[in-house]
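Asks:
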Amino acid sequence: MIERIDALRGEGEAAIAAAATTDALEQARIHYLGRRAELPNLLRGVAQLPPEQRGAVGKAANVARKALEQLIEARGAELAGAELERQLAEDRIDVTLPGAPLPPAGGLHLLNATRREIEDVFVGLGYTVAEGPEVERVYYNFDALNHDPAHPARLRTDTFYVADDVVLRTHTSPMQVRAMEQHPPPIFLIVPGRVYRRDSDATHTPQFHQIEGLAVDEDITLSDLKGTLLAFARAIFGDERQVRLRPHFFPFTEPSVEVDVSCFNCKDGLTREGARCPLCKGTGWIEILGAGMVDPNVFGYVREHGYDPERIQGFAFGMGVERIAFLKHGVSDLRLFYDNDLRFLEQF
Ligand code: DAH
């Protein structure tokens, strides 16, 4: 009997030590100490033994049971600890890693998207992009751009004055003179930026955006201007476009032109349904910008910077970003660009 108890104890100890998981350990416990197991049964049967055996057998079985119980407890703690270690290693989060980037939200405002689109066209033609001050000296905004002292744009009813000789720039053209003061020819430059005028209705806002262009070298002609604007018009409004130049007047260009692009909404002024096209008003042409050959008087202001009017020519142009976006996307009211109504902005 005692040998059997020792044997069970030995088997039990080996099984407990070999249990690799808490499940396996539980199986071993049931097998050696469970209700139907041999060792507890022996203990329960001690009372039926002959009296001279009871003491020794009872003691041995009890010692064996206690020993196995202690081993199970110790092994259980060991396995639980190992399990925790394993889970910690598996679920490890490195809090020093950068967080996952948020999914992109929002988008460019239509005016910024349009400005970038126009910039891309001219950068592709070899132009550089520069910006200038929005608070500008009268000298650059008007005087050096050959404006007559009595030119109506100088009036306080048309232009925001900050001081007698300082305005909020009314156009991006002042950068023509600033750029030529800073760089000798050749220059191929575009200037995007905000401009300000005292105007406010469905087609005018007091603040809007322009993109100025300036190309100056020794042999620049009006046909270079036309070819450049044709490339621009086709990139923005479609490959089929034509451009035409109409004579006009600007103080700082001579000759000056207004530039039209052939309508992209109709054919010869008629829509597909045969109605008069609302975009070009049936004319087949849409005005997109002002331009011209830089007036020699303007070069006169930067002569000492390498711009001899006898030797140098150039063209300039200026367009409204709102106007280009408005035409291209059929926006009905300029003020929609500034209302920040997402229902409008998200359409583009
Ligand atoms: N600055 C003019 C305006 O705001 C637009 C313009 C016309 C710019 C002709 C030019 C140009 O560079 O050559 O109305």
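Counting the sequence shown from 1 gives a position; our numbering is that position plus 7. Idealized CB from N, CA, C, for every residue including glycine. Since the structure is predicted, the reported quantities are computational estimates derived from the model, not experimental observations.
1) Out of 305, 264, 83, point me to the one whose CA is closest to residue 29's CA.
2) If you draw a straight line from the C-alpha of residue 440 to the C-alpha of residue 295, how long is it?
3) DSSP on residue 94, reduced to helix/strand/coil?
4) Report whether the distance from the Cβ of residue 299 to the nearest heavy atom of ligand 1 is below 8 Å.
5) Is residue 182 near residue 219, with beta carbons less than 9 Å apart?
6) Could you check what DSSP says for residue 116 in three-state terms: helix, strand or coil?
7) Tell me whether residue 260 sits in a helix, a strand or coil according to DSSP, three-state version.
8) Determine the extent of the alpha helix (DSSP H) in which residue 351 is found, giving its start and end residues.
9) For residue 427, is the classification buried or exposed, using 16 other Cβ atoms within 10 angstroms of its Cβ as the cut-off for buried?
10) Would you say residue 52 and residue 39 are within 9 Å of each other, going by their C-beta atoms?
11) Which residue's Cα is closest to the Cα of residue 195: 324, 256, 32?
12) Suppose you measure from the CA of residue 127 to the CA of residue 138; what does that come to, to the nearest Å?
13) Could you work out which residue in 136, 116, 224 is closest to residue 353 when comparing CA atoms only?
14) Going residue by residue through the stretch 154 to 193, where are the continuous beta strand (DSSP E) segments of at least 3 residues, counting only ones entirely within it?
15) Roughly how many angstroms lie between the CA atoms of residue 103 and residue 88, to the nearest whole one?
16) Heavy atom of ligand 1 less than 8 Å from the Cβ of residue 103, yes or no?
17) So which of 129, 255, 222, 79 has the shortest CA-CA distance to residue 31?
18) Just to confirm, does residue 220 get its C-beta within under 8 Å of one of the non-hydrogen atoms of ligand 1?
19) Suppose the cutoff is 8 Å on Cβ atoms and the five residues either side in sequence are ignored; what does the same chain contact list for residue 262 look like?
20) Express the C-alpha separation of residue 235 and residue 124 in angstroms, rounding to a whole number.
21) At 4 residues or longer, and completely inside the stretch 226 to 288: list those alpha helix (DSSP H) runs for me, N to C.
22) Give the single residue among 317, 162, 214 whose Cα lies nearest to the Cα of residue 179.
23) Just checking residue 4 against ligand 1 - is the residue's beta carbon closer than 8 Å to any of the ligand's heavy atoms?
24) To the nearest angstrom, report how far apart residue 49 and residue 26 are at their CA atoms.
25) When the Cα atoms are used, what is the spatial distance from residue 216 to residue 226?
26) Does residue 70 pass the burial test, meaning 16 or more other C-beta atoms within 10 Å, or should it be called exposed?
27) Check each candidate in 257, 268, 260 and name the one with the smallest Cα separation from residue 246.
28) Checking 9 Å against the spacing of the C-beta atoms, do residue 75 and residue 16 come in under that value?
29) For residue 318 and residue 343, what's the separation of their Cα atoms in angstroms?
Replies: For this structure:
1) 83
2) Outside the displayed range of the chain (8 to 355) lies residue 440, so it cannot be described from this structure.
3) helix
4) yes
5) yes
6) coil
7) strand
8) 349 to 352
9) Because the chain in this structure spans residues 8 to 355, residue 427 falls outside the shown range and cannot be described.
10) no
11) 324
12) 15 Å
13) 116
14) 168 to 170, 173 to 175
15) 26 Å
16) no
17) 79
18) yes
19) 229, 254, 299, 300
20) 16 Å
21) 229 to 244
22) 214
23) Since the first and last residues shown for the chain are 8 and 355, residue 4 lies out of range.
24) 24 Å
25) 30 Å
26) exposed
27) 268
28) yes
29) 46 Å
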